[in-house]
Amino acid sequence: MQVRGFSLIEVMIASLIIMMGVSGFVTLQSAYMRSDAQTNLRQVALQLAQEKFDDLRQFETLETTAGLMAYNDIATDLGGNIAAGQVNIVIGSDGKAYAFNRTWTVADEYFADTNADGVEDTWVDGPTFTLLGFALPATPPQKQVTVTVDWVDVDGNVVAVNLDGNFAPVTAGRSFQATTETDNAKEQPEVAYTPGLAPDVISYDLGNNESVETSKPVPDISNQGDNNVVQFETIRYESNAQISEKLEQEDFLTVNCSCRLAGTGTGYTPAMTVLDGNDMKVKPGREESKDVGIVATSKQPALCTTCCRDHHDTAAMVNNEEYYRVEGGLPHGHYEYLGNGNFSKATSIGDPYTEACRFKRIDGLYQLYPDWQLIDIIEFETTYLNTEPALDSYRAYTEGVIASKINQSPAPAKPADRDILVPPGGYQLIARGIYLDRMTTDHLNAVKAKLATNDPEWKGIVPFYDVNLTLLSDWRSDNTSVATITNEPIQTIIDPANNYYGTYSRGRAEALMDGSADIEVAAFAYNAGITGTAPVSPYEYNQLFTDDSLEVTVDSKSSAEKFFGLIGNISCLITTANVTKSCETNNTNKAEFVDLTALQIFVSPNQFVCPVTIPKGKSTPFFSCVNVSENWLGTIKFQISKAGYGVTIKIQQPDNSVVNTDTITLTQGLTATSNQEYNLILEFYQ
């Protein structure tokens, strides 16, 4: 007979299961409550850290000034209005207070050349900077800040959060990075600024008593293997009869990278310049789910990680006017350049592609910006802008180009007086590119409205740039028997055994014999035009800007006696403490500066002169002897010195051998212009 019901054992087992379930639920509920409390405490700690970080950011001046928050006052647990120490915060409805401890550390950092290649490459602390032989500036170029907030959690453990960042010596009220501006933001102490001079630096009057210019004669170019890193900054300043006051500084870096597609992930839209009232401000980028990339090889500049990951557009980004670059109105594609105008499109995860990215320093860190947009390129001889009428004509032309691009109207004609008539010899040409950033529809309409009413302040709300592209553009002569033009590979390494001295030459017209030649300069429209590298897409390949409107006419004083030129490169190295660098030939403040204007050249018999040309940046200096008779026989002797250094002078001969001598000796007359057959090598040592 079967008995219905439960046995005692079954009841006990059921009771045990229920008890375990209740216990587990209570334990889980307790864990959830503790986790929720921990999360709330962490959020409060992060808010406290951000509050202090923003407090430190609001400095009003650079140097210590009574009654003002100063950049130089920012130090460990010092600076700003909020003091270090304990902060009590009430969390929840029960009125319970939690104690948080807020502190911060600050390290002054300096950008230094750590591998003795003549290019600043790494941020270092003060002691390291001085050990490298540099004097500390009065104001550190960067402060590394870490804000720490610690507290005791509900389990009795001490935990902490850290917030890291960098501050640059640019006040919030004077920076494009400021997102809001108080009524008193422009009441700042003056920071003196010395404007540059044409033709190296071109300043533009913005119509509101302010001017803008690129502060360096040429961009800083660093060749790192297959990557080119190009940096320059623009300065906006205000002038009066007594002083020029720096208002804003924009620092840009452009780099080319090798990447691979990595599928869908999280990247950022570009930070970009927008119009806020009558001021241009920076709108930060935001996170976006989209295609992303990774670096194809590890030995690339660190910023290539961000470049490969973020430089991708979506249809939504295009619709919202927050994209990097469109091609045919659509998000840009990614390609590997195969040479000769051929490309392979990257479509699958792992496919390689070439990329070039533009960065702007924002709050001390480089952030991706929309691609550069070239709207014109123009060439002229280096002395062309030395006269005020020529400079005024050039400015009127470039401003006309910018206005015509904005209004979609025909561009003005280029200045017609740029042709040169020269004897055989070497002559440095300059290429300048005019760039106009993409603007939102509202921003563009505001500019058009000012142009329509002839408002002289229209340039003050236009993000345009006049950049020296001499060393980044491609050069060509249509008649190389009359005049050649240098177009050497971008190479900044030092390797004397292979004739690399840290410089290279582009845009040097070498007039050889009587006749005429048209010189052409070309640059790609987007980021590859700034990096001086191959285009990154078929679209960019077809967007090539050229100027071939400069004619070189060579006249050797045609007569029974013929005259030629003798052109030679000047390569210069300087060795200090067993470290060899390329000589600095422009910046007198650098220890490796060598004044090539002091180079003496003695010609015997004295029938001609050999002027020295010292281009800006990493462009190769050269000497050019002009009007050398075919009958001249004799010597050309070089002499130079630098205090505290000895010097070895060498001459590279026509057979490429290098001889320790300070003299070029011609025992036979020239039958044609001698172009880089004899080159001067200077080696300074301690």
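Numbering-wise (the numbering used here), the sequence shown opens with residue 1 and increments by one.
We put the CB at the ideal spot given by N, CA and C, even for glycine.
Using only alpha-carbon positions, find the residue among the options that is nearest to residue i.
| i | options | result |
| --- | --- | --- |
| VAL152 | ASN587, LEU41, VAL170 and ASN72 | LEU41 |
| VAL467 | ASN527, ASP478, SER481 and GLN639 | ASN527 |
| GLY568 | ASP555, LEU429, VAL594 and GLU677 | GLU677 |
| LEU750 | VAL422, SER348, PRO169 and LEU429 | Within the shown structure, residues of the chain are numbered from 1 to 686, placing residue 750 beyond reach of any answer. |
| SER505 | TYR427, SER619 and VAL594 | SER619 |
| ASN679 | THR667, ALA672 and VAL659 | VAL659 |
| VAL292 | GLU60, ASN454, GLY350 and PHE545 | GLY350 |
| ASP226 | ILE640, GLY532 and LEU253 | GLY532 |
| THR254 | ASN209, TYR366, ILE640 and ASN157 | TYR366 |
| LEU544 | THR484, GLU510, ILE406 and SER473 | SER473 |
| SER298 | ASP279, GLY265, ARG260 and SER289 | ARG260 |
| LYS290 | GLY263, PRO538 and LYS281 | GLY263 |
| GLU288 | TYR323, GLU630 and VAL282 | TYR323 |
Within its chain, find whatever has a CB closer than 6 Å to the CB of residue i; leave out the 5 residues flanking it on each side and keep chain order.
| i | result |
| --- | --- |
| GLU109 | TRP123, GLN142 and GLN144 |
| THR661 | ILE651 |
| GLY80 | ASP55 and LEU56 |
| CYS304 | CYS257 and VAL295 |
| LYS557 | PHE563 |
| LEU666 | LEU633 |
| ASP251 | GLU233 and ARG361 |
| THR486 | SER505, ARG506 and ARG508 |
| GLY400 | PRO412 |
| PHE464 | ILE402 and LEU436 |
| TYR71 | PHE59, LEU62 and PRO169 |
| ASP547 | ILE377, ILE378, GLU379 and VAL521 |
| ALA198 | LEU385 and LEU391 |
Counting only the same chain and skipping the five closest in sequence on each side, list residues whose C-beta sits under 8 Å from that of residue i.
| i | result |
| --- | --- |
| THR576 | GLY133, ALA591, GLU592 and GLN686 |
| GLU51 | ILE82 |
| ASP125 | ALA107, ASP108, GLU109 and TYR110 |
| VAL318 | VAL326, GLY329, LEU330 and PRO331 |
| ASN479 | GLY515, SER516, ALA517 and ASP518 |
| ASP183 | Unreliable placement is indicated for ASP183, whose pLDDT of 36 sits below 50; no coordinate value is reported for it. |
Based on the DSSP output, what are the partners of residue i in its beta bridges?
| i | result |
| --- | --- |
| SER477 | ILE519 |
| CYS583 | BP columns for CYS583 are empty, so no partner. |
| PRO352 | ARG260 |
| PHE602 | LYS637 |
| GLN142 | GLU109 |
| MET272 | LYS283 |
| THR234 | THR214 and GLU250 |
| TRP151 | PHE100 and VAL159 |
| ARG309 | ARG309 pairs with nothing; no bridge assigned. |
Note down, in chain order, each residue of its chain lying with its Cβ closer than 7 Å to the Cβ of residue i, except the 5 sequence neighbours on either side.
| i | result |
| --- | --- |
| TYR369 | PRO270, ALA271, MET272, ARG358, PHE359 and LYS360 |
| ASP77 | ALA84, THR103 and TRP104 |
| ILE89 | VAL44, ALA97, TYR98 and PHE100 |
| TYR397 | PRO412, LYS414 and PRO415 |
| VAL628 | PHE563, PHE564, GLY565, LEU566, PHE608 and LEU670 |
| LEU344 | What sits at residue 344 in the sequence shown is Ser, not Leu. Cβ within range, chain order: TYR335, GLU336 and LEU338. |
| LEU48 | VAL87, PHE100, ARG102 and VAL149 |
| GLY285 | TYR268, THR269, PRO270, ALA271, GLN367 and LEU368 |
Should residue i and residue j be called a contact, given that it needs their Cβ atoms to be closer than 8 Å?
| i | j | result |
| --- | --- | --- |
| LEU682 | VAL647 | yes |
| HIS334 | GLY267 | no |
| SER211 | SER239 | yes |
| LEU599 | SER674 | no |
| ILE490 | GLY433 | no |
| ASP514 | GLU551 | no |
| ILE601 | ILE649 | no |
| THR613 | PRO621 | yes |
| LEU429 | GLU355 | no |
| GLU688 | GLY207 | In the structure displayed, the chain extends from 1 to 686; residue 688 sits before or after that span and is not available. |
| ASP371 | ARG309 | no |
| PHE53 | VAL154 | no |
| VAL230 | THR470 | no |
| LEU451 | ILE406 | yes |
| PRO424 | VAL603 | no |
State buried or exposed for residue i, treating a residue as buried only when at least 16 other CB atoms are found within 10 Å of its CB.
| i | result |
| --- | --- |
| GLY277 | exposed |
| GLN300 | buried |
| GLU540 | buried |
| VAL536 | buried |
| LEU441 | Sequence check: residue 441 is Thr here, not Leu. Exposed, because fewer than 16 other Cβ atoms sit within 10 Å of the Cβ of THR441. |
| ALA178 | Reliability fails at ALA178, whose pLDDT of 34 lies under 50, so the model's placement of it is uncertain and no value is given. |
| ASP392 | exposed |
| ASN656 | exposed |
| THR597 | exposed |
| GLU510 | buried |
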